[in-house]
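Respectively, the protein sequence lines represent chains A and B.
Here our numbering = 1-based position in the first sequence + 121.
Here our numbering = 1-based position in the second sequence + 121.
Worksheet: the structure to be examined is printed underneath.
Number of protein chains: 2
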Amino acid sequence: MSLRFALLAALLEGDASGYELSKVFDVSSAHFWSGTPQQLYRELDRLERDGLVDVEVVPQERRPTKKVLSLNEAGRAALRAYASAPARAQAIRSDLMVKVQAADVADIDDLLATVTQQADEFRAKLRLFERVRERMLDGRDEETYLRESDRVGPFLTLERGLAFERENLAWSERVIAVLTARRAR
Amino acid sequence: MSLRFALLAALLEGDASGYELSKVFDVSSAHFWSGTPQQLYRELDRLERDGLVDVEVVPQERRPTKKVLSLNEAGRAALRAYASAPARAQAIRSDLMVKVQAADVADIDDLLATVTQQADEFRAKLRLFERVRERMLDGRDEETYLRESDRVGPFLTLERGLAFERENLAWSERVIAVLTARRAR
DNA sequence: ATATTCATGTAACAAGTTACATGATTAG
DNA sequence: CTAATCATGTAACTTGTTACATGAATAT
Numbered sequence: 122m123s124l125r126f127a128l129l130a131a132l133l134e135g136d137a138s139g140y141e142l143s144k145v146f147d148v149s150s151a152h153f154w155s156g157t158p159q160q161l162y163r164e165l166d167r168l169e170r171d172g173l174v175d176v177e178v179v180p181q182e183r184r185p186t187k188k189v190l191s192l193n194e195a196g197r198a199a200l201r202a203y204a205s206a207p208a209r210a211q212a213i214r215s216d217l218m219v220k221v222q223a224a225d226v227a228d229i230d231d232l233l234a235t236v237t238q239q240a241d242e243f244r245a246k247l248r249l250f251e252r253v254r255e256r257m258l259d260g261r262d263e264e265t266y267l268r269e270s271d272r273v274g275p276f277l278t279l280e281r282g283l284a285f286e287r288e289n290l291a292w293s294e295r296v297i298a299v300l301t302a303r304r305a306r
Numbered sequence: 122m123s124l125r126f127a128l129l130a131a132l133l134e135g136d137a138s139g140y141e142l143s144k145v146f147d148v149s150s151a152h153f154w155s156g157t158p159q160q161l162y163r164e165l166d167r168l169e170r171d172g173l174v175d176v177e178v179v180p181q182e183r184r185p186t187k188k189v190l191s192l193n194e195a196g197r198a199a200l201r202a203y204a205s206a207p208a209r210a211q212a213i214r215s216d217l218m219v220k221v222q223a224a225d226v227a228d229i230d231d232l233l234a235t236v237t238q239q240a241d242e243f244r245a246k247l248r249l250f251e252r253v254r255e256r257m258l259d260g261r262d263e264e265t266y267l268r269e270s271d272r273v274g275p276f277l278t279l280e281r282g283l284a285f286e287r288e289n290l291a292w293s294e295r296v297i298a299v300l301t302a303r304r305a306r
């Protein structure tokens, strides 16, 4: 159910096509919710059907015609109601952690390769988020930004995303150190 | 697909009934994967059908009869293969973060109540994980434990769980501070 | 008395994934 | 010349959620 509101929340940042939204929600760049393009297109159809977004078909010169979505008053009201209602408990589901949980029966070299590769992804995501943060702050310091900006939501979630990737990276490096020491025994 | 291996990994810690596993995978106590009892029972049936676990029906005196599951050689081999294969990218999906992303259209008092309530849950989970950690270490320091224990997986994932809840809590408090300052304007 | 715990399950539904398709354009 | 990008979609499938049911035992 949250995908729908994640999409509406993304549209607060401005009108966007399904394709553009699919970039925002891509696993490799998402910082508060992710979904595949197929999931988005299905949900966007429903948002249109339910009258929560306005759709404008925009023909382009040397690109396929796109549908640009914008949040309308009904959508804004639905998002407001959702954001004001209690949150559900945070479900932890990490494929990498399941593998580490099973570290003691795994092939250590294979697992080390996996963790190393994931660490690279965490590093890339961290760098990406840091660049987005710089662009958001635009020279101002954090406190000035929070005082002056009319929107704090995207900044706050980005901070959480940054901390998450930093922890992922630090933990990966710890796992690598421990497994390497184990292998040596 | 990971639920299946999360269950097998949980069985590395010893035989367990579906009911006991449903406690381990409960959102409020899980630290690497979560699932509802209904999901587990369905998957446990499949694990049995696929011959990855042995099932012993244990009648009890003043309790309903239970099925105790144990990892067999086929299950151990399947888990080993899974743990040695590459991990899929970490998908971020947080209901709370979607709400904070939409903070600027939400009712601030309602959102503050939500974040405060979530902070309480993070605190409870943090305390729970800290107790589990103490029990695991059993007086030894971390390095001694990692050197002596025959299993490091559960300790490593617990460390990640602890860091995650610590970050959740710190971020919640930050969000509360920012939203409170906003409300005052 | 009432709620919670133990222990399992069925049924219906919603959400998420994977594979595939189209067809033009631009970057390496 | 091949791969990636733009832009959307269909179909089939797997996972995850919600609501409900059973029935005894114990805790408040």
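C-beta atoms are modelled at their ideal positions from N, C-alpha and C, and glycine is treated no differently.
- Listed in chain order, the alpha helix (DSSP H) elements of length 4 or more contained wholly in the segment 143 to 222 of chain A are 158 to 170, 194 to 204, 216 to 222.
- Close CB contacts of A/Phe250 within its chain, under the 8 angstroms cut and outside five residues either way in sequence, are with His152, Leu279, Gly282, Leu283, Glu286 (chain order).
- Taking the Cα positions, B/Ala223 is about 40 angstroms away from B/Met257.
- For the pair A/Val189 and B/Phe146, the Cα-to-Cα distance works out to about 41 angstroms.
- Put simply, of A/Arg272, A/Ala302, A/Arg306, A/Ser149 the residue whose alpha carbon is nearest the alpha carbon of A/Leu133 is A/Arg272.
- At a cut-off of 8 angstroms between C-beta atoms, B/Lys187 does not count as an interface residue with respect to chain A.
- For A/Ala131, the uninterrupted alpha helix (DSSP H) run begins and ends at 123 to 132, by DSSP.
- Uninterrupted alpha helix (DSSP H) stretches at least 4 residues long and entirely within the segment 264 to 306 of chain A occur at 274 to 305, given in chain order.
- Under the 10 Å beta carbon count, B/Asp166 is surrounded by fewer than 16 other beta carbons and is classified as exposed.
- Under DSSP, A/Ala137 takes part in a beta bridge, and its partners are A/Leu190.
- According to the DSSP assignment, B/Ala245 belongs to the alpha helix (DSSP H) that extends over 229 to 258.
- Measuring C-alpha to C-alpha distances from A/Arg295 to each of A/Arg170, A/Val221, A/Ser143, A/Glu141 identifies A/Val221 as the nearest.
- Taking the C-beta atoms as reference points, B/Ile229 is found no nearer than 8 angstroms to B/Arg306.
- Non-local C-beta neighbours of B/Leu232 in its own chain, meaning closer than 7 angstroms and more than five positions away in sequence, comprise Lys220, Ala224, Leu300, ordered along the chain.
- Taking a 10 Å sphere around the C-beta of A/Val226, we find 16 or more other C-beta atoms and assign the residue as buried.
- Of all C-beta pairs linking the segment 193 to 203 of chain B to the segment 162 to 177 of chain B, three or more are shorter than 8 angstroms, placing the two stretches in contact.
- In chain order, Met218, Val221, Gln222 make up the part of chain B whose C-beta sits under 8 angstroms from the C-beta of A/Thr278.
- When only Cα atoms are considered, B/Ala291 and B/Glu269 end up about 33 angstroms apart.
- Scanning B/Ser215, B/Gln211, B/Arg201 for the CA closest to the CA of A/Ala204 turns up B/Ser215.
- Among the residues facing chain A, B/Glu269 is not included, as its CB has no counterpart in that chain under 8 angstroms away.
- Residues of the segment 230 to 253 of chain A with a C-beta less than 7 angstroms from any C-beta of chain B: Asp231, Leu232, Thr235, Gln238, Gln239, Glu242, listed in chain order.
- For A/Ser191, the CB contacts under 7 angstroms within the same chain, skipping 5 residues up- and downstream, are Leu132, Asp136, Val174, Asp175 in chain order.
- In the three-state reduction of the DSSP assignment, A/Asp225 falls in the helix class.
- Beta-carbon to beta-carbon, B/Lys246 and B/Ser149 are separated by about 7 angstroms, close enough to satisfy the 8 angstroms threshold.
- Taking 8 angstroms as the CB threshold, B/Leu200 lines the interface with chain A.
- Under the 8 angstroms criterion on CB atoms, A/Val145 is classed as non-interfacial with respect to chain B.
- When only Cα atoms are considered, A/Asp259 and A/Arg248 end up about 16 angstroms apart.
- Straight through space, the alpha carbons of A/Leu124 and A/Val179 are spaced by roughly 25 angstroms.
- Interface with chain A (8 angstroms Cβ-Cβ cutoff): B/Gln159 is excluded.
- For B/Val296, a Cβ of chain A is located within less than 8 angstroms of the residue's own Cβ.
- Of A/Phe276, A/Ala208, A/Leu267, A/Asn289, the smallest CA-CA separation from A/Asp241 is found for A/Asn289.
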